[in-house]
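Asks:
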Amino acid sequence: MSSNTSFFGDLLTTIADRGRALLDRNTRTSGATKAATLVERCEQLLSGRGEASGVALATDILDRYARMKTGERIAFFEALAETFGPDRARLDAAIASYGRTGSDAAMAELHLASEPRRQELFRRFNMAAGATLSLVRMREHLMDAMVHRRDLAAVDRDFGHLFSSWFNRGFLVLRRIDWSTPANVLEKIIRYEAVHAIRDWNDLRARVDSPDRRCYAFFHPALVDEPLIFVEVALTKDIPGAIAPVLDQSRELLEPEKATTAVFYSISNCQRGLGGVSFGNFLIKQVVEEISREIPSLTTFVTLSPVPGFRAWLDGERKAETPAVLTAADKETLKALDTPDWAEKAEVREALTPVLNAAAAYYFLVARTSKGKPVDPVARFHLGNGARLEKINPMGDLSPKGIAQAAGLMVNYRYVLTDIEKNHEAFAGKGEVVASPAVKKLLRADAGARALVPVS
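FYI, my numbering numbers position 422 of the sequence shown as 408, with every residue one higher than the one before it.
(1) Would the stretch 126 to 135 count as touching the stretch 70 to 83 if we require 3 or more Cβ pairs under 8 Å?
(2) Closest to Asp316 by C-alpha separation, out of Glu303, Ala75 and Asp78, would be which residue?
(3) Using DSSP with H/G/I as helix, E/B as strand and the rest coil, what is Leu8?
(4) Taking only the alpha-carbon atoms, compute the straight-line gap between Thr(-9) and Leu119 and give it to the nearest angstrom.
(5) Short of 6 Å in beta carbon distance, which residues of its chain neighbour Leu96, apart from the five on each side in sequence? Order them along the chain.
(6) So, with DSSP's three-state summary, where would you put Lys377?
(7) Count the CB pairs spanning the stretch 157 to 165 and the stretch 193 to 206 that are closer than 8 Å, and state whether there are at least three.
(8) Quick check on DSSP: helix, strand or coil for Asn267?
(9) Output the distance between the C-alpha atoms of Ala92 and Glu101, rounded to the nearest integer angstrom.
(10) Just to confirm my understanding: we take Trp165, look at its own chain, exclude 5 residues before and 5 after, and list those with CB closer than 7 Å. What are they?
(11) Can you grab the Cα-Cα spacing for the pair Arg366 / Ala393, in whole Å?
(12) Helix or strand or just coil, what does DSSP make of Ala220?
(13) Quick one: what's got a C-beta closer than 7 Å to His127's C-beta in the same chain, skipping five residues either side?
(14) Spatial neighbours of Phe111 within its chain, please: CB distance less than 7 Å, with the 5 preceding and 5 following residues excluded, ordered by chain position.
(15) Where Glu64 and Leu32 are concerned, what is the direct C-alpha to C-alpha distance, given to the nearest angstrom?
(16) Could you tell me which of Ser254, Leu260, Thr325 and Ala248 sits nearest to Asn154, measuring between CA atoms?
(17) What does a CB cutoff of less than 6 Å around Ala353 pick up in its chain, not counting 5 residues either side in sequence?
(18) Can Leu375 and Val425 be called in contact, C-beta distance under 9 Å?
(19) Beta carbon of Met129: closer than 8 Å to some heavy atom of the ligand ADP?
(20) Which class does Tyr51 belong to by DSSP, given the choice of helix, strand or coil?
(21) Can Leu290 and Asn379 be called in contact, C-beta distance under 9 Å?
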């Protein structure tokens, strides 16, 4: 695949270089007119030329964009929003025609006319060598701009629409990451790890080259050396409740054929510009299939997941005059979280555990966003994929990051293959959080009465 990709990349570059000679390039364009010049060239690209000129134009536009500063990029995004929407005249005519005739031909024309012109523009950008990654990076810039410019949301929706097609599951390739993987990819695994930082190359090797560890990633043919998402897996005999033993390089190694449990302890999305494109559910299901074929003794598939929103929610509860779940005694106990060395004291951890258990049960089973969804984003992901909330683990991650984002809390989600579809339907259709009896028992009796969504 790499040799073919290289060949076509070289071919496109050659076409682009030859086509550039056909373009009238003004290399002394002032900064104030860069966006306008880029818009003009986009119009030229949409107007249609020969293949060589089209590739050259697309390459030239992306090269110019790459040299733009933040303000110039925003001006370009504004033009994409204002100038490259649907052709209004064509759309009005198509609406009128469909209203008169209701024919299939009129319906087809209405469909074509309603598509924003920028979608075709992005497709033509993609003729350039390496353009797919450039467009992913362009969307990252757009997402940064949208923090203050929500009026650019239509452009973002068009990126999302196209990326959902371009990065369809059928195009993705699952590859195991091990010590024989090219170094440039391994470097990106270190850089993109978003859950439990990889300290150095020795740490990486322990995670991908130990007999009881696995790492898998999805790749796309257009981004050969760029992982889209990857998952790290620990092979164990039991469901772990803490991350430190999993990451311990001095642990006693387990022979793979003696493992009964596969633990997904880190899932990292690598390309922020592909936000909203679902990879994780496909990744988990395919890794389960892949690893089950390799190690038939595996019967249990669980995560050991962070709870990134728990500490902020808990602090809000502590400050509230009428908290939803905490008693006055709970608040007093939780004051220990304000001391920097609490995690080092066994008696403090012991006192905190029942309070954190009860608060976490409410957080997962009862608390909801304004849209009626579970508060925690990781919970929404796994529950939406058909997992069940298996176990709450106070003191699961006592690293500085784990304490800061979750007061040390971690949870296990369990994937039972025969129940995935049923659990997904319960969550997606009725908003039910499927949880084990052990988790439900942690919910205080009076908490269920205040649930916005019934606990089942």
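Every residue gets a Cβ at the ideal spot worked out from N, C-alpha and C, and that includes glycine. Everything numeric in this text was worked out from a predicted model, so none of it was measured.
Replies: Considering the structure as presented:
(1) no
(2) Glu303
(3) Because Leu8 carries a pLDDT of 47, less than 50, the predicted location of this residue cannot be relied on, and the following value inherits that uncertainty. Leu8: coil per DSSP, three-state reduction.
(4) Low per-residue confidence applies at Thr(-9): pLDDT is 49, beneath 50, and the placement is therefore not dependable, though the value from the model is reported in the following sentence. Looking at the two C-alpha atoms, the distance is approximately 14 Å.
(5) Ala80 and Tyr84
(6) strand
(7) yes
(8) helix
(9) 15 Å
(10) Arg191, Val194 and Asp195
(11) 20 Å
(12) strand
(13) Arg59
(14) Ala44, Ile47, Leu48, Ala117 and Leu121
(15) 18 Å
(16) Leu260
(17) Val361
(18) yes
(19) The model on display carries no ligand, and the ligand ADP is accordingly not part of it.
(20) helix
(21) yes
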